[in-house]
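Protein chains in written order, with my numbering: chain A, 38 to 382; chain C, 3 to 274. The beta-carbon is built from N, C-alpha and C at its ideal position, and this holds for glycine as well. Because the structure is a prediction, the values reported are computed rather than measured.
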Ligand SMILES: Cc1cc2nc3c(=O)[nH]c(=O)nc-3n(C[C@H](O)[C@H](O)[C@H](O)COP(=O)(O)OP(=O)(O)OC[C@H]3O[C@@H](n4cnc5c(N)ncnc54)[C@H](O)[C@@H]3O)c2cc1C
Ligand code: SF4
Ligand code: FES
């Protein structure tokens, strides 16, 4: 669609004037960029020129814990739909992660109404990466650091030196942009292409040590979880679950029930982690095998196999989008790139 | 199940509690709306305020208004369920999973192998097959339990054994005074089995170790992995292929199983 040019002040004015939803955008902090509520009285632009935020935005659609049902004669039912969120500064890798989560949560015989309501309610204003983290590796998994039509954004933004290129990508986006903005010049479009090409080059250079090139159709060939070589990497895992929490595609959860009052019970859905020893625990006593993956080695293997081997078979998509967040988060310094590089056959 | 929210259990009243063995009870439930399930599909059964767990109905899929679930007492949830009395209300979600491929069994020799409480889901299959016996070639049921007190559904054996085209044999692990039937683990009933091997489909349910030895025994008898279906009753939560918990390789057992053709899973580690 048509690309528009907005100078800085106009862009910030447009963002803070957005109504009909709560606006969230990345803000620069000493710990890197964090997604925060974007206050409408600010004249500070969101941190679109910084690397992706430390946390992924999956929590907007799949919160760490939520009441997913109430039951019992006096329980009433749980209100699912929430207000509209406008998410600004979403990266290409995250859009890909949401495509993946949409397949998990919305396809098949059962729809997930809570996820669907929040997903359909949200407005997505993405941005091209103008900077990246040292761990960013989208280029190793067939990704790219910029957004195109069809990726799932309503509007995409490219940061230029003196302003922004803003490209609506859906009807919702066109409506939201509204106003009378000037069309981007061909020089500005060329500048956008230069920025994109440069980012791709930079990502390739920073990942030059890794030779694998994973695609949905050609995922890496990794050994199954009984292979002892996984031990080389699981030796550093402390079973904290940081990687699964921070990962934009990890979606494992567990349902917990408790009684609120007589006749009124609540079912809570909470994030879970496949690295934890309790994750697979089954009923049974002595002399019974109560976990199919009692060894940490095989649980770590299962996580990485799910991303790189099983997901392409299940959903036709790799489960890793190359955001690098798990590499930043892991206290054991496990680097998923090194694991795949080391174990690929 | 609430069509608006698949996480919300639908009330189901306990109408009867049947003591099967010292550790196993069958609850008969009256669901709010008819619980239409295929044999082998499972339910998430809620004990209000405590939690839920996966259980495969043991009753006939042709009777969706009275669901029977046979439950081994083995932990927090099942201890609580064993305390329940008729008149109390539990909750049901589902049914989940694929169910047994009953409509693919025309003209087949069906071999049903159960161990302990593993006969529960298989009983739903037996009911489904009894309702279309004219289509299958034969149904052989082989069942084993530790001792006579642990044999499930004793009241039905004579009826099964007496039905034309159906053959029922059971065994207990150790000799016992007053028992003149077979003694030995269930695999002893599979030696030189009298079935038309190339035309046979086997369904197996029981503890992990039993699945392993039965699979070995069936392969030794000449069945192929394609002919063997195993109940893979792993830890589950959502039942819908979303919570991620129950995978063997790329299969979510809740969605693609829980009964899996052995050929699909045999190359993955930790199957048993
Ligand atoms: C598809 C399917 C069908 C089944 N059908 C039947 C059936 O027909 N009949 C039958 O009797 N059984 C059946 N089962 C097994 C049954 O679901 C379990 O035996 C039952 O859920 C055990 O629950 P429990 O609370 O009594 O056991 P517990 O051992 O108390 O477990 C409670 C829950 O918490 C977890 N847990 C317990 N302790 C810990 C701990 N220390 N740390 C972390 N987690 C813990 C367990 O994994 C479990 O999910 C089936 C299972 C599946 C998957
Ligand atoms: S972040 Fe690292 S240490 Fe923590 S669970 Fe994941 S791999 Fe293990
Ligand atoms: S039980 Fe949730 S994915 Fe299978």
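According to DSSP, is residue i part of a helix, a strand, or is it coil?
i: residue 262 (chain C); result: strand
i: residue 187 (chain A); result: coil
i: residue 99 (chain A); result: coil
i: residue 147 (chain C); result: strand
i: residue 162 (chain A); result: strand
i: residue 167 (chain A); result: coil
i: residue 124 (chain C); result: helix
i: residue 18 (chain C); result: strand
i: residue 39 (chain C); result: coil
i: residue 121 (chain A); result: coil
i: residue 84 (chain C); result: helix
i: residue 55 (chain C); result: strand
i: residue 294 (chain A); result: strand
i: residue 380 (chain A); result: helix
i: residue 32 (chain C); result: strand
i: residue 90 (chain C); result: coil
i: residue 107 (chain A); result: strand
i: residue 129 (chain A); result: helix
i: residue 235 (chain C); result: coil
i: residue 48 (chain A); result: helix
i: residue 95 (chain C); result: strand
i: residue 174 (chain A); result: coil
i: residue 63 (chain A); result: strand
i: residue 229 (chain C); result: helix
i: residue 92 (chain A); result: coil
i: residue 302 (chain A); result: strand
i: residue 199 (chain C); result: helix
CB-CB under 8 Å to residue i, same chain, minus the five flanking residues each way: which ones, in chain order?
i: residue 321 (chain A); result: 327
i: residue 253 (chain A); result: 179, 349, 353, 354, 355
i: residue 342 (chain A); result: 259, 261, 262
i: residue 339 (chain A); result: 262, 311, 330
i: residue 295 (chain A); result: 302, 303, 305
For residue i, collect the residues of the same chain with a Cβ closer than 6 Å to its Cβ; drop the 5 residues on either side in sequence, then sort them by chain order.
i: residue 141 (chain C); result: 112, 131, 168
i: residue 198 (chain C); result: 111
i: residue 195 (chain C); result: 223
i: residue 265 (chain C); result: 227, 228
i: residue 66 (chain C); result: 36, 37, 38
i: residue 69 (chain A); result: 91
i: residue 53 (chain A); result: 77
Using beta-carbon positions only, say whether residue i and residue j come within less than 8 Å of one another.
i: residue 46 (chain C); j: residue 96 (chain C); result: yes
i: residue 50 (chain C); j: residue 302 (chain A); result: yes
i: residue 273 (chain A); j: residue 381 (chain A); result: no
i: residue 124 (chain A); j: residue 97 (chain A); result: yes
i: residue 165 (chain C); j: residue 191 (chain C); result: no
i: residue 230 (chain A); j: residue 197 (chain A); result: no
i: residue 287 (chain A); j: residue 366 (chain A); result: no
i: residue 69 (chain C); j: residue 127 (chain C); result: no
i: residue 175 (chain C); j: residue 149 (chain C); result: yes
i: residue 146 (chain C); j: residue 104 (chain C); result: no
i: residue 33 (chain C); j: residue 129 (chain C); result: no
i: residue 211 (chain A); j: residue 203 (chain A); result: no
i: residue 240 (chain A); j: residue 173 (chain A); result: yes
For residue i, is the classification buried or exposed, using 16 other Cβ atoms within 10 angstroms of its Cβ as the cut-off for buried?
i: residue 89 (chain C); result: exposed
i: residue 233 (chain A); result: buried
i: residue 267 (chain A); result: buried
i: residue 318 (chain A); result: exposed
i: residue 229 (chain C); result: buried
i: residue 185 (chain C); result: exposed
i: residue 56 (chain A); result: exposed
i: residue 79 (chain A); result: exposed
i: residue 54 (chain C); result: buried
Can you list, in chain order, the residues of its chain with a C-beta nearer than 7 Å to that of residue i? Leave out the 5 residues immediately preceding and following it.
i: residue 114 (chain A); result: 107
i: residue 241 (chain C); result: 46, 56, 95, 96, 98, 256
i: residue 27 (chain C); result: 19, 20, 21, 73, 84
i: residue 189 (chain A); result: 132, 135, 136, 161
Can you name the residues that DSSP bridges to residue i?
i: residue 249 (chain C); result: C:254
i: residue 334 (chain A); result: Answer is none; residue 334 (chain A) lacks a bridge partner.
i: residue 184 (chain C); result: C:173
i: residue 205 (chain A); result: A:192
i: residue 308 (chain A); result: A:290
i: residue 261 (chain A); result: Bridge partners of residue 261 (chain A): none, in fact.
Please find out if some non-hydrogen atom of ligand 5 comes closer than 7 Å to the beta-carbon of residue i.
i: residue 206 (chain A); result: As presented, the structure is devoid of ligand 5, carrying ligand 1, ligand 2 and ligand 3 as its sole ligands.
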